[in-house]
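Engineer: In our numbering, the protein residues as written are 652 to 724.
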């Protein structure tokens, strides 16, 4: 795998928004209203914001289980 010589590590708050912010920053994308890299808060908002979801699964031969979603990724 090639190394990206000018890539700078970013300490993100969440892996979903932090990795998107990193990629956009590396590509040179900037928020037009500030000239700064896009914030994780803005990226979270444009992706649909925080969500809650609940799914229950019942497969033949397995115990039923539930999945609770707490973020929009």
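Glycine included, each C-beta is placed from N, C-alpha and C at the ideal position. Keep in mind the model is a prediction, meaning the values are calculated, not measured.
#1: Would you call residue 681 buried or exposed, if buried means 16 or more other Cβ atoms sit within 10 Å of its Cβ?
#2: Name the residue from 668, 686, 714, 704 whose alpha carbon lies nearest to the alpha carbon of residue 692.
#3: Would you grab the beta carbon distance between residue 705 and residue 719 for me? Rounded to a whole angstrom, and I think it's under 8 Å.
#4: Indicate whether residue 694 and residue 659 have their beta-carbon atoms separated by less than 8 Å.
#5: Starting from the C-beta of residue 707, find all residues in its chain whose C-beta is less than 7 Å away, skip the five residues before and the five after it, and write them out in chain order.
Structural biologist: Quick look at the numbers:
#1: Looking at its Cβ environment, which holds fewer than 16 other Cβ atoms inside 10 Å, residue 681 is exposed.
#2: Restricting attention to 668, 686, 714, 704, the CA atom closest to the CA of residue 692 is found in 668.
#3: The pair is a contact, with the Cβ atoms about 6 Å apart (cut-off 8 Å).
#4: In this structure, residue 694 lies away from residue 659, with their beta-carbon atoms at least 8 Å apart.
#5: Within the same chain, residue 707 has close Cβ partners 715, 717.
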